[in-house]
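Asker: In terms of our numbering, the sequence shown opens at residue 2 and continues consecutively.
Glycine included, every Cβ here is placed at the ideal spot set by N, Cα and C.
Keep in mind that this is a model prediction, so the values were computed, not measured.
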Amino acid sequence: MIQTSPAAASQAPRSTREPESRAPIIQVHGLEKTYTTARGALTLFHGLDLEVYPGEFVAIVGQSGAGKSTLLHILGALDTPTAGTVHCASTNVAGLTQREAAAFRNSKIGYVWQFHYLLPEFTALENVAMPLLARGDAKRQALATAANWLREVDLEDRGDHRPGELSGGEQQRVALARALVGNPRLLLADEPTGDLDETTAGRVFDLLERLHASHGLTSIVVTHNLDLAARCTRTLRLESGRLGALETTLQTGLHTGKG
Ligand SMILES: Nc1ncnc2c1ncn2[C@@H]1O[C@H](COP(=O)(O)OP(=O)(O)OP(=O)(O)O)[C@@H](O)[C@H]1O
Ligand SMILES: [Mg+2]
2 MIQTSPAAAS QAPRSTREPE SRAPIIQVHG LEKTYTTARG ALTLFHGLDL
52 EVYPGEFVAI VGQSGAGKST LLHILGALDT PTAGTVHCAS TNVAGLTQRE
102 AAAFRNSKIG YVWQFHYLLP EFTALENVAM PLLARGDAKR QALATAANWL
152 REVDLEDRGD HRPGELSGGE QQRVALARAL VGNPRLLLAD EPTGDLDETT
202 AGRVFDLLER LHASHGLTSI VVTHNLDLAA RCTRTLRLES GRLGALETTL
252 QTGLHTGKG
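(1) Would you kindly work out how many angstroms separate the C-alpha atoms of residue 149 and residue 52, rounded to a whole number?
(2) Cβ of residue 69 within 7 Å of any heavy atom in ligand 2?
(3) Write down the C-beta distance between residue 78 and residue 97 rounded to the nearest angstrom, noting that I regard them as a contact closer than 8 Å.
(4) Shortest alpha-carbon distance to residue 209 belongs to which of 113, 122 and 183?
(5) Run through the DSSP bridge pairs and tell me what residue 46 is partnered with.
(6) Report the option in 203, 186 and 187 whose CA atom is closest to the CA atom of residue 194.
(7) Is there at least one non-hydrogen atom of ligand 2 closer than 7 Å to the beta-carbon of residue 80?
(8) Do you know how far the Cα of residue 104 is from the Cα of residue 159?
(9) Taking 7 Å as the cut-off, does the CB of residue 65 come closer than this to any heavy atom belonging to ligand 1?
(10) Can you grab the Cα-Cα spacing for the pair residue 49 / residue 217, in whole Å?
(11) State yes or no: is the C-beta of residue 169 within less than 8 Å of the C-beta of residue 197?
(12) Can you list, in chain order, the residues of its chain whose CB lies under 6 Å from that of residue 36, leaving out five sequence neighbours each side?
(13) Using DSSP with H/G/I as helix, E/B as strand and the rest coil, what is residue 213?
(14) Kindly identify the DSSP beta-bridge partner or partners of residue 246.
(15) Below 7 Å, is the gap between the Cβ of residue 292 and the nearest heavy atom of ligand 1?
(16) Can you list, in chain order, the residues of its chain whose CB lies under 7 Å from that of residue 95, leaving out five sequence neighbours each side?
(17) If you measure between the beta carbons of residue 124 and residue 163, is that distance less than 8 Å?
(18) Between residue 75 and residue 34, how many whole angstroms is the CB-CB distance? I'm expecting something under 8 Å.
(19) Give every residue of the same chain whose Cβ lies closer than 6 Å to the Cβ of residue 24, excluding the five residues on either side of it in the sequence, and list them in chain order.
(20) Whole angstroms are fine: how far does the CA of residue 156 sit from the CA of residue 139?
(21) Taking the beta carbon of residue 161 as the centre, do at least 16 other beta carbons fall within 10 Å, making it buried, or is it exposed?
(22) Using 10 angstroms around the beta-carbon of residue 225, count the other beta-carbons present and answer buried if the total reaches 16, otherwise exposed.
(23) Taking 7 Å as the cut-off, is the CB of residue 197 close to at least one heavy atom of ligand 1?
(24) Return yes when the C-beta of residue 45 is under 7 Å from any heavy atom of ligand 3, and no when it is not.
(25) Thinking just about the alpha-carbon of each residue, which of 230, 154 and 146 is nearest to the one in residue 215?
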């Protein structure tokens, strides 16, 4: 079992906050995922275990194809495990119907991807409001809440811009506001800075850290960038279907770069 106690988390000097409670917000045990492909079965995880405590800011690194995105998808109820248990934000994620999974994602999870996936025909403000409108909030209230979130990501003066009229960093900040507009407890970010230059990536990560702390989030960030990973409270490496501590990563020389 991976060492994931609050004590382990507190080893990192740049922790944005200490874990608030001893009860994990994410508890994965014996996870397996097998895809059936034309060339046979592809098994990604081999009894993977993970515990994450409230307030932790966890980085996950690993080679391309290791299964990092798949793991986030399973945590966020976008994909289902083949075996094992997955409890996330007081929810048995593996047992959800499609409808329950959609409600779970909308209320409990903020998701940020490498590419922003903003809707091109809508303004930044409307994009941020989208999750609230999807769950049936009144439009006026949804737009007011979205405007507050645009202020949180320092983009209050870009609300009427469409995604094509924003810089890459701005697009990702809008995506971050959209991820958090519904007040989720958990933020799952899959290479959120992977498509940005180094300076912009650093700024987006600064913002991520700030929002993580100010909104009491628990965050998991997949990244290929070890400098950014080092800013998290804990870094895990996904390798050979399991999660291990970062030391393994350094010994085997994972490449640094974007992510
Ligand atoms: N729906 C699917 N069906 C079959 N194989 C899949 C499916 N989704 C992912 N895979 C395979 O599972 C493996 C893990 O994919 P995943 O996207 O999780 O990797 P990753 O660690 O996020 O990689 P990267 O760093 O390149 O983003 C890959 O080899 C991929 O080809
Ligand atoms: Mg990936």
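Answerer: According to the data block:
(1) CA-CA distance, residue 149 to residue 52, rounds to 33 Å.
(2) Yes, the Cβ of residue 69 comes within 7 Å of a heavy atom of ligand 2.
(3) So it is a contact: roughly 6 Å between Cβ atoms.
(4) 113
(5) 34
(6) 203
(7) no
(8) Cα to Cα, residue 159 sits roughly 29 Å from residue 104.
(9) yes
(10) 27 Å
(11) yes
(12) 43, listed in sequence order.
(13) helix
(14) 237
(15) Residue 292 cannot be examined here, being either before or after the span of the chain that is shown, 2 to 260.
(16) 81, 82, 86 and 87
(17) yes
(18) Sure, about 7 Å apart at Cβ, within 8 Å.
(19) none
(20) 23 Å
(21) It counts as exposed.
(22) If you draw a 10 Å sphere on the C-beta of residue 225, you find 16 or more other C-beta atoms in it, and that means buried.
(23) no
(24) Ligand 3 is not part of this structure, which contains only ligand 1 and ligand 2.
(25) 154
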